[in-house]
Every structure is written in structure tokens, then in C-alpha cells.
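Going by the UniProt record's numbering, the sequence shown opens with residue 1, and the numbers climb by one from there.
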Amino acid sequence: MHSSSPVTHGNPKATANPVASPVMRSGAANGSADVQSVVQSNPQDGRKVHPSAPEQEMIALRTAATMAARQFKLLWHPLLTGIAASPDRDVAAQCIVTQIAERLPDHTVRLGWGIRGGDAERGGRLSRLLDSRLGWLGADNSIYQSLKSRLEKNPTPEELKAIVRWESANLVVELIPKKSQDAGADQETGVDPNAANSNAANRSGVESFGRIWIRPPQGDNTVLKRFAEMLPKEAVDATATVFFSRPASGQLGRIASVLSRWWSKRGTFGIAALLVLMLACIPVSYRIPAAATVTAMNSRRVAAPIDATLLVAHVQPGDRVSKGDPLIELDGRPLRIELEAITSEIAEATKDEDIGLASGQIAQAQLAGLKRKSLSRRRELITRRLSQLIVTSPIDGVVIQGDLQHSLGTPLEIGQTLLEIAPNGSLEVELEIPEVEIGFVEHNAPVEFYFPAVGRTDFRSQIGSIWPSATIRDDENVFIAKTPMPTMDERVSVDHDMFLEPETPMFVSQQMTNDETSATELRVGMRGEAVVLGPTRPWVWKWVRVPLRKIGWVVGW
1 MHSSSPVTHG
11 NPKATANPVA
21 SPVMRSGAAN
31 GSADVQSVVQ
41 SNPQDGRKVH
51 PSAPEQEMIA
61 LRTAATMAAR
71 QFKLLWHPLL
81 TGIAASPDRD
91 VAAQCIVTQI
101 AERLPDHTVR
111 LGWGIRGGDA
121 ERGGRLSRLL
131 DSRLGWLGAD
141 NSIYQSLKSR
151 LEKNPTPEEL
161 KAIVRWESAN
171 LVVELIPKKS
181 QDAGADQETG
191 VDPNAANSNA
201 ANRSGVESFG
211 RIWIRPPQGD
221 NTVLKRFAEM
231 LPKEAVDATA
241 TVFFSRPASG
251 QLGRIASVLS
261 RWWSKRGTFG
271 IAALLVLMLA
281 CIPVSYRIPA
291 AATVTAMNSR
301 RVAAPIDATL
311 LVAHVQPGDR
321 VSKGDPLIEL
331 DGRPLRIELE
341 AITSEIAEAT
351 KDEDIGLASG
361 QIAQAQLAGL
371 KRKSLSRRRE
381 LITRRLSQLI
391 VTSPIDGVVI
401 QGDLQHSLGT
411 PLEIGQTLLE
421 IAPNGSLEVE
431 LEIPEVEIGF
441 VEHNAPVEFY
451 FPAVGRTDFR
461 SQIGSIWPSA
471 TIRDDENVFI
481 AKTPMPTMDE
491 RVSVDHDMFL
501 EPETPMFVSQ
511 QMTNDETSAT
521 ELRVGMRGEA
531 VVLGPTRPWV
541 WKWVRVPLRK
551 IGWVVGW
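Right, dumping it as C-alpha cells:
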């Protein structure tokens with residue numbers, strides 16, 4: 001078959017092919033019944049009377065009319081009704097593709113439409129493409145690009161004349177709406193005369209057009225040839241007219257068609273960029289994230305005063321202690337034994353000194369006196385160490401670190417840390433501020449905290465002090481900032497959105513009972529997140545500051 005050959009319509013004999021389709025077979029059966037009734041219409045002599053040529057022609061016309069009526073009832077009537085009832089052109093396209101796919105279940109049906117110039121001999125631009133198997137195809141799809149390139153080519157004279165034609169084994173149906181319709185035709189097809197259709201585009205020098213591609217399965221176009229014989233030009237024209245009478249986009253089709261004449265992609269991109277720029281330039285407080293850790297303010301560490309063995313531990317973490325309360329006891333038996341030995345040596349040295357003085361041996365007496373003085377100093381040192389065997393609390397507070405119950409009998413070294421005591425009602429938060437953000441942190445800057453361990457509780461404070469030098473924490477170079485925090489006993493009976501700034505910053509909890517804010521216990525060592533509020537800057541400044549600085553450094557600006 002020719003690559004682009006038209007399909008002949010209007011031949012009754014071709015249309016009455018009894019093997020064309022179920023609809024055609026039904027019409028052919030009715031025609032055979034009419035012929036049989038004419039042949040057996042002579043009851044006098046019982047002989048069969050064959051119809052004359054005019055009667056046979058009338059029977060053929062009646063059969064063709066019956067088949068055409070059945071075709072319209074089964075295919076075109078539901079198709080046109082569904083298109084006319086569609087709210088917009090997209091739904092109408094789905095109706096067309098679905099109806100044809102139901103008639104040709106193993107075939108691939110594609111419907112595309114677009115616009116082209118007023119000169120019909122010029123190619124067009126594809127706007128939308130619907131596939132019966134793949135659905136809506138976008139501009140990045142290979143099928144869309146292939147069909148788009150075909151439509152952009154100038155059509156041949158044969159293609160302009162043929163509404164239904166063949167391209168290789170594929171059937172192509174052109175959908176070209178009529179440029180003028182009367183109100184009576186609109187009422188018969190159920191078309192809204194006020195709908196925004198493609199004919200309005202003719203006034204601007206462009207017109208709408210559509211095309212249906214039907215591909216048979218595995219190159220077998222026998223069924224497709226029979227279907228092509230059921231496509232009269234009048235029905236195709238009516239389908240195109242009703243289809244393009246649908247609004248381009250629902251009820252807003254008229255507005256969209258008007259705006260599409262002057263609205264351009266450049267204007268859309270410009271307005272979108274302006275909106276993004278306006279949002280990016282909204283001034284907000286520069287938020288600096290930091291890691292937060294609850295620590296004890298002015299805590300004291302208790303170390304082993306001498307080298308000895310741990311004998312008794314009187315406290316454990318969580319115990320409250322007062323100044324002077326015993327904390328631990330050390331084993332003093334080795335010191336007492338040494339003290340007794342030194343005492344005896346001192347007595348012996350004193351005796352030698354007295355003997356030397358009595359016998360006139362001055363040098364021997366002086367040596368004995370020096371030995372006695374040295375032993376006396378050692379005795380004083382041991383006596384002082386014996387007084388340190390009971391380690392007492394240096395301050396009033398709470399033991400926050402040091403569980404020695406499992407270390408009894410362990411030898412201790414002088415200076416070894418044993419316990420840590422935090423003073424009562426004295427907590428602070430330690431912030432780890434990245435070095436790249438330290439330039440935007442000022443003294444008394446507001447700080448917001450969140451500690452997952454205490455639930456939905458908001459903490460607010462201010463920067464109290466900042467270390468002048470950086471330190472390494474978790475393999476990162478950070479600056480340490482200190483912020484005071486309230487004690488466990490303080491409560492604030494205010495709304496959780498209120499921010500108080502007393503001399504000592506307090507916290508506000510969102511868990512309120514009986515119009516009172518519940519105090520949440522903060523414990524040393526709790527980790528959370530903090531946000532330091534810096535100077536006011538545009539919202540996008542946080543994201544572009546570092547990249548712009550690096551680019552400026554590279555280009556020398």
C-alpha cells in the first residue's frame with residue numbers, strides 16, 4: 001500500500017461487505033432477508049421470482065442505509081454525545097481515544113492536536129498528545145518528538161485532500177473543524193455556542209487542528225481496513241467540530257484563550273523570578289545553630305589528697321551534701337605504722353643528742369640534733385596526712401559525678417578526681433558555636449533552646465560570655481559560649497508565648513496544669529539544640545553568604 005493513500009468512502013457495495021465487522025454482518029443479514037422475501041413472493045405457482053434490477057438497487061440502498069444507521073447508533077452517536085458532554089478538551093480527547101480503543105482493542109490509538117497558521121499548506125505545532133496505552137505524553141517523550149516533527153513538515157497535496165489516509169500500515173484521521181457553524185447545528189450536537197473553541201483563533205491568524213493515529217498490532221491491518229470504511233467524511237467533520245468546541249481548560253477556557261495571545265513564557269519566568277526574589281529578600285533574624293549542653297556553674301571537683309587506699313564511700317551521685325560533711329575515708333594504717341617508727345627514731349635521736357652534750361662531744365650532739373629535727377618534720381607531715389584521711393565537702397550542693405561504691409579497696413593516687421559537686425540552684429548551658437558563625441554572635445544575644453529529654457519545653461536565655469579562643473569538639477573547631485539557666489525550683493505562671501527578661505533568665509514550659517507552668521527538671525549533661533539570634537539579614541543571605549565569599553576569594557573580588 002502507498003505510504004500516504006486516501007481511503008474511498010460512499011461505495012454501498014464496499015460498505016455492504018458481509019465480513020467487514022459485526023455491525024456490517026448484521027446489516028448484510030437484513031439485506032439477505034429482504035432479497036429472500038422478494039424472491040419467494042409468488043404464491044400462485046410456487047416458482048421463485050427473482051427481483052428486477054431496480055428492486056435489487058433499492059434493496060442495496062436500503063441495506064446500506066440500515067448499516068449506516070446502525071454504525072451511527074453504535075459508534076458516532078455515543079462518541080459525539082460523550083464529546084459534547086465533556087467539560088473541557090482534555091476529557092473529550094480521552095472520550096475519543098477510549099471509544100476507538102474499545103472498538104479496536106488490540107490497536108494503539110493516539111490523538112494529538114495543536115495550532116498552525118491560517119495557511120493550511122503550512123505545518124503545525126503539536127500542543128497535546130494522548131496515547132491509549134501510555135496516557136498523556138510530554139515533550140520529553142520520544143513518541144511525542146517523532147509525531148511533532150511530522151506535524152511541523154509542510155503537508156503534501158494528497159494529505160491536504162484526504163481526511164482519512166494511510167501512512168505505511170497506520171491509519172491517520174485528520175480532525176479539522178469547520179470555520180463557520182450556525183446556531184441550529186450547535187443545538188443539534190449539544191454544543192454551547194458561547195464556549196471558547198478553536199474557531200476564535202482564526203481571527204488571530206491561527207487555526208486548530210487535530211490528528212488521530214491508529215497503529216494495528218504486528219502489522220496486521222485487516223481489521224483496521226474494515227474500520228476505515230466506517231469513517232464517512234461527514235462524521236469525521238462533525239467529530240472535529242464538536243471536539244474543538246470544547247474549552248481548552250474547563251470553565252476557564254475562555255480566559256486562557258485570551259491570555260494565551262499576549263502571555264509569553266518570558267513574562268511567566270519574569271514574574272516567577274520576581275516573586276522568588278521578593279520572598280528571598282524578606283528581612284529575618286539570622287539564626288545560628290549550635291549544640292547545647294547543660295553544665296553546672298562553679299562546680300567543684302574533689303580529688304584524692306594523698307596516696308592511699310579507698311576505705312569507705314559515704315555518698316553517691318544525687319546526694320545533697322553540706323560544707324564539711326564527710327564524703328570518703330581513706331585507709332591510714334600504713335601512715336600510722338610509719339608514724340610510730342618515726343616517733344621511736346625521734347626518741348633515739350634525742351637520747352644521742354643528750355649523751356653527746358653530756359660527754360662534751362659537740363659534733364656528735366649536733367648531728368643527732370639535726371636528725372631529730374628531720375624526723376620531727378616527717379612526723380608532722382604524716383600527722384597532717386592522717387588528718388586528711390576523711391575527705392569532706394568543700395561546698396553545699398549535690399554530688400553529680402563519682403560513684404565509688406564499687407571502688408572500695410582501690411589504691412588512689414594523689415590528685416586523682418573522685419567526685420564532682422555542683423552548688424545548689426546553679427546551672428548554665430554551654431554552647432558550641434561554629435567558628436564560621438562566631439562573627440555574628442554578640443554579647444547578650446537572644447538564645448532559644450530545645451532539649452528532647454524534657455519534652456515540649458521552651459528555654460530562652462542570653463549569651464553571657466564567649467571564650468576568646470577556639471577549642472576542638474567532635475572534630476570541629478568551635479567557640480564555647482556560656483548562658484545562664486534557671487534552677488529547678490523557679491516557676492513562671494505566664495502564657496507560653498510571653499518572653500521574660502529578668503536579671504536571671506527563666507524558662508517557660510508549654511506543659512501547663514491549672515493555669516500554672518510546670519517546672520521541668522534540668523540535669524547536668526543533658527544535650528540539646530540551640531539557636532542564637534543574630535543581626536537582621538535577608539532570608540536568602542544565610543544560604544549565599546559562604547558560596548559568594550568563596551567565589552569572591554577565587555576571582556579576587
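Virtual Cβ for every residue (Gly too), placed ideally from N, Cα, C.
Remember, predicted model here, so these are calculated numbers, not experimental data.
Whether residue i touches residue j by CB criterion (8 Å)
| i | j | result |
| --- | --- | --- |
| Ile337 | Leu375 | no |
| Gln388 | Ala303 | no |
| Arg246 | Arg89 | yes |
| Trp213 | Asn154 | no |
| Ile282 | Pro105 | no |
| Val164 | Leu231 | yes |
| Leu151 | Gly124 | yes |
| Leu365 | Gly356 | As written in the sequence, residue 365 is Ala, which differs from the Leu given in the question. Going by C-beta atoms, Ala365 is nearer than 8 Å to Gly356. |
| Thr293 | Val399 | no |
| Phe243 | Ile83 | yes |
| Gly114 | Leu126 | yes |
| Glu432 | Ala290 | yes |
| Thr295 | Val524 | yes |
| Ser299 | Glu420 | yes |
| Leu408 | Ala313 | yes |
| Val284 | Thr536 | yes |
Residue environment, residue i, which counts as buried when at least 16 other CB atoms sit within 10 Å
| i | result |
| --- | --- |
| Glu229 | buried |
| Cys95 | buried |
| Ser132 | buried |
| Val97 | buried |
| residue 581 | Since the first residue of the chain shown is 1 and the last is 557, residue 581 is not available in this structure. |
| Ile382 | buried |
| Val436 | exposed |
| Ala139 | exposed |
| Ala347 | exposed |
| Thr239 | buried |
| Val454 | buried |
| Asn221 | buried |
| Phe451 | buried |
| Ser86 | buried |
| Leu175 | buried |
| Glu380 | exposed |
| Trp553 | exposed |
| Trp76 | buried |
| Gly318 | exposed |
| Ile362 | exposed |
| Ser41 | Here Ser41 scores only 46 on pLDDT, less than 50, and its place in the model should not be relied on; the value that follows carries that caveat. Under this definition Ser41 is an exposed residue. |
| Ala358 | exposed |
Own chain residues within Cβ distance below 7 Å of residue i, not counting five before or after
| i | result |
| --- | --- |
| Leu418 | Val302, Ala303, Ala304, Ile328, Gly402, Leu404 |
| Gly464 | Lys482, Thr483, Pro484 |
| Asn444 | Gln462, Ile463 |
| Gly46 | Below a pLDDT of 50, predicted positions are generally treated as unreliable, and Gly46, at 49, falls in that range; the measurement from the model is reported next regardless. Within the same chain, Gly46 has no close Cβ partners at all. |
| Arg320 | Val398 |
| residue 558 | An answer regarding residue 558 cannot be provided, because it is not within the stretch 1 to 557 covered by the chain. |
Same chain only: Cβ atoms within 8 Å of residue i, ignoring 5 sequence neighbours per side
| i | result |
| --- | --- |
| Glu413 | Ala304, Asp307 |
| Lys542 | Tyr286, Arg287 |
| Leu279 | Trp539 |
Rounded distance between the beta-carbons of residue j and residue i, thought under 8 Å
| i | j | result |
| --- | --- | --- |
| Lys323 | Pro423 | Not a contact, Cβ separation roughly 10 Å. |
| Leu446 | Leu533 | Rather than Leu, the amino acid found at residue 446 in this sequence is Pro. With 8 Å as the limit, Pro446 and Leu533 qualify as a contact, their Cβ atoms being about 5 Å apart. |
| Thr309 | Asp331 | 4 Å |
| Val441 | Ile288 | 6 Å |
| Gln99 | Leu130 | Between Leu130 and Gln99 the Cβ distance is about 13 Å, and since that is not below 8 Å, they are no contact. |
Own chain partners of residue i with C-beta closer than 6 Å, once the 5 adjacent residues on each side are dropped
| i | result |
| --- | --- |
| Glu102 | none |
| Ala92 | Ile83, Ser86, Phe243, Arg246 |
| Ala530 | Ala290, Ala292, Leu431, Val447, Phe449 |
| Arg385 | Ile306, Leu335 |
| Ile551 | none |
| Ala235 | Trp76 |
| Arg473 | Glu432 |
Opposing strand residues paired with residue i [DSSP bridges]
| i | result |
| --- | --- |
| Trp213 | Arg110, Val172 |
| Val302 | Leu419 |
| Trp553 | DSSP output for Trp553 lists no bridge partner at all. |
| Met485 | Leu427 |
| Ile466 | Ala481 |
| Glu329 | Val312, Ile390 |
| Ile288 | Val532 |
| Thr293 | Glu430, Arg527 |
Closer than 8 Å to chain D by CB, residue i
| i | result |
| --- | --- |
| Met230 | In summary, chain D is missing from the structure at hand, where a single protein chain is found. |
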